[in-house]
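With the first letter of the sequence shown counted as 1, position 222 gets the number 215 in my numbering; the numbers rise by one all the way through.
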Amino acid sequence: MRIKDLYQQKPVISLEVFPPKPEAPLDGVLDTIEALSDLRPDFISVTYGAAGGSKAHTVQIADTIKNKYGIEALAHLTCINSSKEEVDGILEELENSNIENIMALRGDRPADDSVLSPAQGDFAYASDLIVHLKTTGDFCIGAACYPEVHTEAENALADLGNLKRKVNAGVDFLITQLFLDNRFFYAFREKLALMELKVPVSAGIMPVINKKQIERITSLCGASIPPKFRRILDRYENDPEALK
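Right, here's the structure in full:
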């Protein structure tokens, strides 16, 4: 089933799993999926490591979610430093596993890469990947959006312009980066309405496991930590169970 059709029926609740490193066994994530399957989420997304990270397992895990447990799978696909041939190879594997839904992402730049350096491969931006997906296969396409602005965007207006290009290229639904203040999400939804970007938007939510985890993620994606929430993190920094 295409994820965009789920939004027409009811509020959508999904979960996300992270593949292990390429050399690590899949036992842990497969056990997690089995436990999550009892919750019957609308779909489970599977992340994809950029620059050779954990992408080797993404298709296999998505196949298990879809074909063993009967839950829709959303396979992440990043395009940074990838050729069209490499991407097409992944698309063929997804089609062979009856995976209909793809989260189209540029992906994080390698640690030694510069924001100012030209992208390697055939895709500079997620919008380029989306155009390729629309002309290559028959997938339902999701994309990322940023209530607090992408860290590489010149400003909020430029970031919305980039998002509009993705939607116009053929995006079927959006999932936000995490945010810790709902006001950012509400304001973002209003901006989309003013721009007449009429695609479903899901709020990306990340469970807070410990202080270092949430500080690392927010620094990577540009999300802010509200003062009240910061005080909670500081108070329970050495007591992760209480923080949960």
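The C-beta atom is built at its ideal place from N, Cα and C for all residues, glycine as well.
Option in the options with minimal Cα separation from residue i
{"i": "G135", "options": "V160, N148 and L153", "result": "V160"}
{"i": "R223", "options": "V201, E234, L213 and C214", "result": "V201"}
{"i": "L199", "options": "I207, A119 and A117", "result": "Note on residue identity: the sequence assigns Met, not Leu, to residue 199. It is I207 whose Cα lies nearest to the Cα of M199."}
{"i": "V194", "options": "P18, T169, N231 and R209", "result": "T169"}
Pairwise C-alpha distance: residue j and residue i
{"i": "Y41", "j": "I123", "result": "16 Å"}
{"i": "A180", "j": "L32", "result": "31 Å"}
{"i": "G130", "j": "Y0", "result": "22 Å"}
{"i": "G215", "j": "R182", "result": "18 Å"}
{"i": "I64", "j": "S30", "result": "8 Å"}
{"i": "G197", "j": "K77", "result": "29 Å"}
{"i": "A186", "j": "F116", "result": "29 Å"}
{"i": "P4", "j": "L126", "result": "26 Å"}
{"i": "V192", "j": "K157", "result": "11 Å"}
{"i": "I83", "j": "V52", "result": "8 Å"}
{"i": "H69", "j": "P233", "result": "30 Å"}
{"i": "A49", "j": "E85", "result": "14 Å"}
{"i": "S90", "j": "E16", "result": "23 Å"}
{"i": "A146", "j": "E79", "result": "27 Å"}
Three-state secondary structure assigned by DSSP to residue i
{"i": "T71", "result": "strand"}
{"i": "I37", "result": "strand"}
{"i": "S7", "result": "strand"}
{"i": "A66", "result": "strand"}
{"i": "K61", "result": "coil"}
{"i": "R(-5)", "result": "coil"}
{"i": "Q1", "result": "coil"}
{"i": "A44", "result": "Residue placement at A44 cannot be trusted, given a pLDDT of 46 that sits under 50; what the coordinates show is reported in the next sentence. Helix at A44."}
Contacts around residue i, its chain only, beta-carbon distance under 8 Å, and the 5 residues preceding and following it disregarded
{"i": "I26", "result": "V10, I37, I54, T57, I58 and Y62"}
{"i": "A119", "result": "C72, A97, L98, R99, A136, A137 and K159"}
{"i": "M188", "result": "L153 and K157"}
Test: residue i CB closer than 7 Å to a CB of chain C
{"i": "D232", "result": "Looking at the structure shown, chain C is missing, and only one protein chain is on hand."}
Contacts around residue i, its chain only, beta-carbon distance under 6 Å, and the 5 residues preceding and following it disregarded
{"i": "L226", "result": "K204"}
{"i": "C133", "result": "R(-5), I(-4), K(-3), E93, N94 and D165"}
{"i": "L67", "result": "F36, S38, N94 and M96"}
The ligand NAD heavy atom lying under 6 Å from the CB of residue i
{"i": "C138", "result": "The model on display carries no ligand, and the ligand NAD is accordingly not part of it."}
Residues of its chain near residue i, where Cβ-Cβ distance is below 7 Å and the 5 sequence neighbours each way are ignored
{"i": "P219", "result": "L173 and D174"}
{"i": "S110", "result": "Confidence at S110 is low in this model, with a pLDDT of 48, below 50, so its placement is unreliable and the value that follows should be read with caution. So the list is empty, once near-sequence residues are dropped."}
{"i": "Q2", "result": "none"}
Handout entry: Those runs of the alpha helix (DSSP H) which lie wholly inside the region 81 to 156 and span at least 4 residues
Key = Those alpha helix (DSSP H) runs which fall completely within the region 81 to 156 and span 4+ residues are 119 to 129.
Problem - Within the region 144 to 222, ranges of the beta strand (DSSP E) (whole runs, at least 3 residues) - result: Here the runs fully enclosed are 166 to 169.
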